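Residue numbers (this note's numbering), protein chains in the order written: chain A, 46 to 468; chain W, 104 to 673.
All residues carry an ideal CB built from backbone N, CA and C; glycine is no exception.
These figures come from a predicted structure and were not determined experimentally.
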């Protein structure tokens, strides 16, 4: 017999002894007889503003800034005039104005914010979406637990695009990429004659059965299983989630007809089918030429889409279990929002059962360049990741085996989750 | 060689050149070719004792474990496996038929020799080594900077040329480690950038990590930040290795790494000022950086792994050549063994020692004699890579079936009593699909090329090759791990380019093949064998029902590339 048990085996045995109740999606739990009534699993919609959105022009305005300031539904919290609808749902939002990170370069910053770790050369850390797929996603999903949606761009800038990788969590947790919310899932339609396709499938299945009888080893079975799941998805109701025209026109109009609005609507529908993590990304926020004009234009589609998403989820009773995260890789220079600025910037969380209707963290109100520093409750990228993990019911201290059989915490051990919002 | 006819004034009998020199020269050429291009029989005979001893050890171990080895693979199984493993793609229908129909007694040995002599052999080994060297996401400059895709592809081309030229592995590795110059002159220089930091800057620690894993078969990386708690490696071993790479200097051309050198007054590879590591400790040592958990700031002397005495370096002595010489010396206990183990693992999806880069005393080899004999032979042959692969692939063990038998099949694979079933890597799948579909420009993306804003460095979509490889990426550490899921199968099932068949069927129709010939050709082009009578009947029935023969033959082709048997390597 081969030599002593490997570290990997030892590690997996130990982990097996600490199994937590993984997500049994609520609708399956209701349907299954005698199923243990596990608490409803959480899901997450990440709204990624690629390039770095200016906080001064969005959610941490300062007097004398480039936009007028308005009150919100929460007394004491103010935002810029461009976001009246979001202001209206501030009770469901927790603003993080104390984001303070170390990375001012696009790709490194995107990497840092998606993984909670600075990028190394030697191996890759898994992205938060992949972590969610692995930890709270369905064990045998009909469709990947993690979906990304391209919400378009108004400028093709913002540095190299960051693509979420599952790394040592396993290839199965790679995201499914939706290029266009209106076109939906690619490669779905067995285009052409359905009868012909059925005949082709039958021809295939005959041979596959013989092959499995003859060669039924694990890779063969895994292949046939994955193939079947793809077919199941093609015919399943889950696919209907991609048909946005099934929604009433009025609701579609509330979300808006910009790709971002359509993406938000698609995300809501995917949440209803049990998808655990949806990342909607919009590119073009790297406003080196000044943020005011650009953000004014973007607010026209961003404001109604986000407010509608929050309200729509709430009305359907889904908001408490759906965490919404709005962010970019960093903020922008105080006042005019031209350069990258990581020292003090803003993100927000909404829904997800966290304590909303509040602001965590504060930037200064100096006369010159107000908002340059965080004066209360700075939040690092690890803090931020730990907060999202905890809000979703993921243990940030959990260890997984990285290359070289090295146990790696999901989030850095120095992370301090933002307990002000956690229950 | 053709000889031009002599000018009229000379006659052959008169000209001493032509009477003696040329015939002699001609004879010498023939003799030389006989020596250099040995016939298969000679090479097989040479390695036969070694091959037999490998099988003998495996059979002994199987017997001790009360396991029966699997039967030999049939020709079809062996043919496809050999083509895929050695050349990284399926055979064409013609190549498949030629082998299957051959009645030569030693046809398997001959096939192996042919495949090893083909250009695709080098290409496949080149990309395998490139995959092992390069990180999953290539480095790039943080604010934009495309990844060095071209330079990385050039690295595999460079390896391919070396493997095809038959360079010894020691020479290849020395040429990588001691490289100096711009990428234009020395494409292998990208190595140091790929194993460097996330932006592509060379790092002594990065070099130490990669070199120890790939070229020495030892996992030093845990000892970077602290002494390894489970193995014997200490920080002194890791940083002692890294110290040999402390004097690297490099230059970037805009956002791209462009050249490497080793310098002390920081003149770059082209004489101009270049960047280097700023370490104030004397030459022959390195300061542990602050990123390490323990002992940052400590100065560690250069030393070879396994030795205790530090290497005594002169003030301005380049140290990469010193390390390379130690590494590739015949007495080096790591170098040859690591390559043998990794090559074995490449064919068997399992090393003689596992994990493949964890070779140390406590990790007992599954086949100690085989490992030793192959290593000794490899060194004695001057690190002849083809010879090593010839030895491995000529064993009964490699040529056994992967068909599971009654019981204990899994245990049998673990002791090399049965071949594993492997998943095609992304690049092999891509090349095989292109061949099967006769579609060299195969593009499975779903982005409209007109939509220009989608491309470029900030685009979420890359080239057809990039996107294919990302979609069909596999588990680099375990070729038996079936990693494909729904997105991959949705593409294989539904992508229009795979459903409308490329030019394969068109070609067969043009050649006026009969229905039987067409179905046979489709099977040979994909599964590298002829259909069974059952399969042939089913296909003919299917085609017979359709009014559009081209469409239905494309349906048969679609069926074939969606078979488990296509995407798996038996």
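Whether residue i touches residue j by CB criterion (8 Å)
i, j, result
"residue 351(A)", "residue 140(A)", "no"
"residue 672(W)", "residue 184(W)", "yes"
"residue 367(A)", "residue 389(A)", "no"
"residue 403(W)", "residue 326(W)", "no"
"residue 320(A)", "residue 190(A)", "yes"
"residue 73(W)", "residue 166(A)", "No answer is possible for residue 73(W): the residues shown for chain W start at 104 and end at 673."
"residue 311(W)", "residue 323(W)", "yes"
Minimum Cβ-Cβ distance from residue i to chain A less than 8 Å
i, result
"residue 328(W)", "no"
"residue 666(W)", "yes"
"residue 138(W)", "Confidence at residue 138(W) is low in this model, with a pLDDT of 48, below 50, so its placement is unreliable and the value that follows should be read with caution. Not one chain A Cβ lies under 8 Å of residue 138(W)."
"residue 648(W)", "yes"
"residue 106(W)", "Any reading at residue 106(W) must be qualified, since the residue scores a pLDDT of 33, below 50, and its modelled position is unreliable; the value itself is stated next. With 8 Å as the cut-off, residue 106(W) does not count as an interface residue toward chain A."
"residue 671(W)", "yes"
"residue 306(W)", "yes"
"residue 622(W)", "no"
"residue 627(W)", "no"
"residue 662(W)", "yes"
"residue 508(W)", "no"
"residue 526(W)", "yes"
"residue 147(W)", "no"
"residue 434(W)", "no"
"residue 593(W)", "yes"
Below-8 Å beta-carbon distance, residue i vs any chain W residue
i, result
"residue 135(A)", "no"
"residue 161(A)", "no"
"residue 301(A)", "no"
"residue 272(A)", "yes"
"residue 74(A)", "At residue 74(A) the pLDDT is 33, less than 50, meaning the model places this residue with poor confidence and gives no usable figure here."
"residue 451(A)", "yes"
"residue 70(A)", "In this prediction, residue 70(A) scores a pLDDT of 37, lower than 50, which makes its location untrustworthy; the coordinate-derived value is nonetheless stated afterwards. No, because no Cβ of chain W sits closer than 8 Å to the Cβ of residue 70(A)."
"residue 188(A)", "yes"
"residue 285(A)", "no"
"residue 245(A)", "yes"
"residue 232(A)", "yes"
"residue 56(A)", "Note that residue 56(A) has pLDDT 49, beneath the 50 cutoff, so the model's placement of it is unreliable and the number below is only indicative. Judged by the 8 Å Cβ criterion, residue 56(A) is not in contact with chain W."
Beta-bridge partners of residue i, as assigned by DSSP
i, result
"residue 333(A)", "For residue 333(A), which the question treats as bridged, DSSP gives no partner whatsoever."
"residue 356(W)", "359(W)"
"residue 115(A)", "124(A)"
"residue 388(W)", "404(W)"
"residue 368(A)", "89(A), 396(A)"
"residue 351(W)", "365(W)"
"residue 191(A)", "322(A)"
"residue 670(W)", "Answer by DSSP bridge pairing: none, since residue 670(W) is not bridged."
"residue 94(A)", "327(A)"
"residue 386(A)", "376(A)"
Runs of 4 residues minimum, wholly inside the region 601–649 of chain W: which ones carry the alpha helix (DSSP H) assignment? 607–613, 618–629, 636–647
Identify every run of the beta strand (DSSP E) within the region 197–236 of chain A, keeping only runs that are complete inside it and at least 3 residues long; order them along the chain. Counting only runs of 3+ residues, the beta strand (DSSP E) found wholly inside the region 197–236 of chain A occupies 221–223, in chain order.
Would you call the region 207–227 of chain W and the region 252–269 of chain W in contact, with 3 or more CB pairs under 8 Å? Segments in contact, yes.
Can you find at least 3 beta carbon pairs, one from the region 515–532 of chain W and one from the region 252–264 of chain A, that sit closer than 8 Å? yes
The region 381–399 of chain A in contact with the region 146–165 of chain A per 3-pair CB rule at 8 Å: yes
Report yes or no: do three or more beta-carbon pairs, one from the region 404–415 of chain W and one from the region 384–396 of chain W, lie closer than 8 Å? yes
Under 8 Å: do the region 166–186 of chain A and the region 122–130 of chain A share three or more Cβ pairs, one atom per stretch? no
The region 327–337 of chain A touching the region 201–211 of chain A, judged by at least three CB pairs closer than 8 Å: yes
Mind pulling the beta strand (DSSP E) runs of 3 or more residues that sit fully within the region 278–352 of chain A? 322–328
Sequence ranges, alpha helix (DSSP H) only - wholly within the region 235–271 of chain W, length at least 4: 252–268
Continuous beta strand (DSSP E) assignments of at least 3 residues falling wholly in the region 391–440 of chain W: Whole beta strand (DSSP E) segments, 3+ residues: 402–404.
Does the contact criterion of 3 or more C-beta pairs under 8 Å hold for the region 630–644 of chain W versus the region 217–224 of chain A? no
Ranges of the alpha helix (DSSP H) found wholly within the region 121–179 of chain A, counting only runs of at least 4: 129–133, 151–160
Does the count of Cβ pairs from the region 597–612 of chain W and the region 462–479 of chain W closer than 8 Å reach three? In short, these stretches do not touch, since the Cβ pair count stays below three.
Three CB pairs or more closer than 8 Å across the region 249–258 of chain A and the region 654–669 of chain W: yes
Can we say the region 414–421 of chain A touches the region 443–453 of chain A, given the rule of at least three CB pairs closer than 8 Å? no
Are there three or more Cβ pairs, one per stretch, closer than 8 Å when the region 196–216 of chain W is compared with the region 235–255 of chain W? no
May I ask you to verify whether the region 405–423 of chain W touches the region 486–505 of chain W, counting CB pairs closer than 8 Å and requiring at least 3? no
Tell me, please, whether the region 278–287 of chain W touches the region 393–402 of chain W by the rule of three or more beta-carbon pairs shorter than 8 Å. no
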